[in-house]
Every structure is written in C-alpha cells, then in structure tokens.
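Trainee:
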Amino acid sequence: MSLFNVFNISGSALSAQSQRMNVTASNLANADSVAGPDGQPYRARQLTFEMAGEPGQQIGGVRVAGISEDQSEFRRLYDPKNPAADDQGYVSMPNVDTTSEMVNMISAARSYQANVEVLNTNKTLMLKTLTLGQ
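Using this note's numbering, read the sequence shown as starting at 134 and increasing by one per residue.
1. Compare the beta carbon distance of Arg-208 and Asn-237 with 8 Å and say whether it is the shorter of the two.
2. Run through DSSP, which three-state label would Gly-194 get?
3. Which class does Tyr-175 belong to by DSSP, given the choice of helix, strand or coil?
4. Measuring CA to CA, which of Phe-140, Ala-185, Gly-199 and Ala-168 is closest to Val-156?
5. Does Ser-143 come out as helix, strand or coil in the three-state DSSP assignment?
6. Less than 8 Å separating the beta-carbons of Gly-194 and Ile-142?
7. Figure out for me which residue from Ala-217, Val-251 and Ser-233 has the closest Cα to the Cα of Ala-158.
8. Could you name the residues of the same chain whose beta carbon sits closer than 7 Å to that of Met-184, not counting the 5 residues immediately before and after it, in chain order?
9. Per DSSP, what kind of secondary structure is Ser-225 in: helix, strand or coil?
10. Hey, quick one: how far does the beta strand (DSSP E) through Leu-263 stretch, first residue to last?
11. How would you label Met-226, buried or exposed, when you count the other beta carbons within 10 angstroms and need 16 or more for buried?
12. State buried or exposed for Ala-247, treating a residue as buried only when at least 16 other CB atoms are found within 10 Å of its CB.
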C-alpha cells in the first residue's frame with residue numbers, strides 16, 4: 134500500500150461525509166414542511182455507503198452507493214384549522230426524527246474532522262521523511 138493511498142482513502146471519506154451532512158441538513162430543513170412540490174409531506178432521506186476499492190482488494194475508500202427515502206409512516210399532527218388537514222383534523226407531517234438527525238450530523242462532522250486529521254498527519258509524516266536526508 135502506497136503512502137499516497139492514504140490521501141485517496143481519506144479524500145473519499147471526506148466526500149462521503151460531506152454528502153451525509155448535506156442530506157442530513159436537507160432532512161432537518163424539511164422537518165416541518167407540510168407539503169413538498171408533489172403535494173406530499175417530505176420523506177427523510179438516508180445514505181448508503183459502500184467500499185470504493187480496486188476489485189479483489191480488502192482495503193479502500195468509501196463512496197455513496199445511493200440515497201433512499203425512509204418509507205416509515207408520516208407523523209400525524211392534530212390541527213383541524215390547517216388547510217392541509219384531513220376530514221378528521223390531522224395533518225400528515227414529514228417522517229423526520231430531528232433528534233436522530235442531529236446525532237447523525239454530529240457523527241458526520243466528527244468523521245469529517247477525523248479524516249482531516251489523518252490527511253494532516255500523513256502530510257506531516259511525509260514532510261519529515263523528506264527532511265531525513267538533510
């Protein structure tokens with residue numbers, strides 16, 4: 134394994150965690166949206182990661198395999214005065230759990246920070262290696 138592979142692996146992780154933070158931010162921003170462009174409440178989205186390595190390799194980076202919508206039930210809020218309420222007075226709200234989304238955001242941010250540290254440490258080690266011969 135080349136020392137430069139560390140840059141590729143950490144770089145792919147930075148990209149994946151950045152996408153994870155974007156999806157989480159979108160979920161949080163739409164947590165109270167009554168209806169989206171299609172007239173339906175927003176559905177929470179989740180990322181799926183997979184290994185991004187050479188075929189036959191046991192190590193490699195990470196990439197986003199896909200973004201899926203959470204198919205769990207919408208939250209129902211009793212608000213009979215809301216124009217979007219059904220005939221029983223309930224409004225369907227997005228299935229976004231803000232607590233778990235905040236935990237997901239913190240986890241993604243920490244993973245991003247950890248990969249930045251890996252890159253900085255690898256850069257420092259390579260620079261020190263270059264100065265050994267002086």
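Even for Gly, the Cβ is constructed at its ideal location relative to N, Cα and C.
Mentor: Checking against the coordinates, here is how it stands:
1. no
2. strand
3. coil
4. Gly-199
5. helix
6. yes
7. Ser-233
8. Gly-193 and Val-195
9. strand
10. It is not in any beta strand (DSSP E) - Leu-263 instead sits in the alpha helix (DSSP H) that spans 231–264.
11. buried
12. exposed
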